[in-house]
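Report on the structure given below.
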Amino acid sequence: MPRALMLHDEAPRCRIADLAPSDLPHRAVSVDIDYSDLNYKDALAVTGKGKIVRDYPFVPGIDFAGTVRESHHEQYASGDRVILTGWGVGERYWGGYAETMNVDAEWLVPCPGPLSTRKAMLLGTAGLTAMLCVVRLEEARIAPGARVLVTGASGGVGSWAVSILHHLGYEVHAVTGKTEQRAWLKALGAHAIHDRADYEAEPRPLEKGRWAGAIDTVGGRTLANVLAQMDYDGRVAAVGLAGGTALSTTVMPFILRGVSLLGTDSVMIPFDRRRAAWQRLSALPNGLFERMAVDEISLAQIEERAETMLTGKLHGRVLIDPR
Ligand code: NDP
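Heads up, the sequence shown is in the UniProt record's numbering, so the first residue is 1 and it goes up one at a time.
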């Protein structure tokens, strides 16, 4: 009887349930889940504060890593270690906050050899997304040594972006609202820390150019301020909305400095690109994983952590052990 966190559209919204195997969706690959994690989108789904889930009852969790229990698809066999992120899992399809879940083979990526399933979810959607942002900057010819700004730096995507960029040799500047996490961000490799409040101010069309590249996880006014501070030919990977979905800016950074805004998505990114990103992530040295802040919780603790995440008070990663 796999245990799961079930969402309902009447109170109490979150309930721990024992599901019969026949309750699970009829999909080709059954995975015993070792770890899931908590992402911003999960927090919106679990609390109901974002319109992520529409059909109830529902098992949330946009990503997981585990071991194939049973497969009716030629690509996978019992015992294979796999990772799932995106594709609408945890939004439209039952997700990872369960001991076992049945999923489509096309949604899975083989877990690369050097990566344990725990490390895979220490990265999770956040680490994958950070790497996809780095790839977007690389493809736009931003190279090691360049000065790159990361906003929402203490969050999941932000902290992995700081770690990975530093590891690759970039000069990383971190924007955070958490004075108490400055030392930790420096330990991850941030060259300098900047105050979130400065990026929440009313943006000007252009400021002194400071950054060759940027990874923005916040959106809203923060993204408008980042655009105004880009160097000539600067590249901004826009990936998040933790500070708002609206973007009010001018064309000045684009037409006077040739700045490019590079949208970055992890949900529908094709298989080959996500597999390549996971290969690169699997080659990261252990030290990066050891320095990542991790809060390991059970299914029963997810609701409380989700509420806290939406207030922007968490840092690093929340790992979920469903057993
Ligand atoms: P986290 O909650 O872990 O991180 C968000 C961070 O943003 C916070 O820790 C905080 O960092 C900062 N922040 C700034 N303003 C606010 C605010 N008003 N409220 C809350 N936080 C704020 O989230 P994730 O790292 O999981 O996700 C970050 C963003 O990226 C989210 O918007 C998410 O939806 C998006 N995302 C997009 C993906 C895609 O495929 N496009 C994939 C994954 C995530 P600090 O205190 O350091 O400023």
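Cβ coordinates follow ideal geometry from the N, Cα and C atoms, glycine included. Please read these numbers as outputs of a predicted model, since none were measured by experiment.
With distances taken Cα to Cα, identify the nearest neighbour of W94 among H8, A293 and T117. Taking the Cα of W94 as reference, the smallest distance to any Cα among H8, A293 and T117 is reached at H8.
Proximity of T151 and V134 at Cβ, strictly below 7 Å: No. Outside cutoff.
Report yes if the C-beta distance between I302 and V46 is below 7 Å; otherwise report no. It is a contact, given that the beta carbons lie within the stated cut-off.
Status (buried if at least 16 other CB within 10 Å, exposed otherwise) for I33: By the 10 Å Cβ count, I33 comes out buried.
Nearest to R69 by CA position, among T308, A28 and V251, is which residue? Checking every option, the nearest Cα to that of R69 belongs to A28.
Is the closest heavy atom of the ligand NDP to the C-beta of S36 under 6 Å? Not so, every heavy atom of the ligand NDP lies at least 6 Å from the Cβ.
Please find out if some non-hydrogen atom of the ligand NDP comes closer than 6 Å to the beta-carbon of D265. Taken from the Cβ of D265, at least one heavy atom of the ligand NDP lies inside 6 Å.
Hey, would you say W160 sits closer than 7 Å to A126, going by beta carbons? In this structure, A126 lies closer than 7 Å to W160 by Cβ.
When you compare the CB positions of V172 and V157, do they come within less than 7 Å of one another, or not? No.
Distance, E304 Cα to R280 Cα: A direct Cα-Cα distance of roughly 33 Å separates R280 from E304.
On the DSSP letters alone, give me the boundaries of the alpha helix (DSSP H) that R274 sits inside. Where R274 is concerned, the enclosing alpha helix (DSSP H) stretches over F271 to S282.
Local conformation of P21 per DSSP, three classes: Helix.
Entirely enclosed alpha helix (DSSP H) segments - the segment 280–308, minimum 4 residues: As summarised for the segment 280–308, the continuous alpha helix (DSSP H) elements at least 4 residues long and confined to that stretch are 286–291, given in chain order.
Sheet register partners of G66 (DSSP bridge): In the DSSP assignment, the residues bridged to G66 are I33 and V82.
Given L44 as reference, the closest of L241, V31 and P205 once Cα atoms are compared: The shortest C-alpha to C-alpha distance from L44 to any of L241, V31 and P205 is the one to L241.
Whose C-beta lies closer than 6 Å to the C-beta of P114 among residues of the same chain, with five residues either side of it excluded? Taking C-beta separations shorter than 6 Å and ignoring five residues to either side along the sequence, the partners of P114 in its chain run S282, following chain order.
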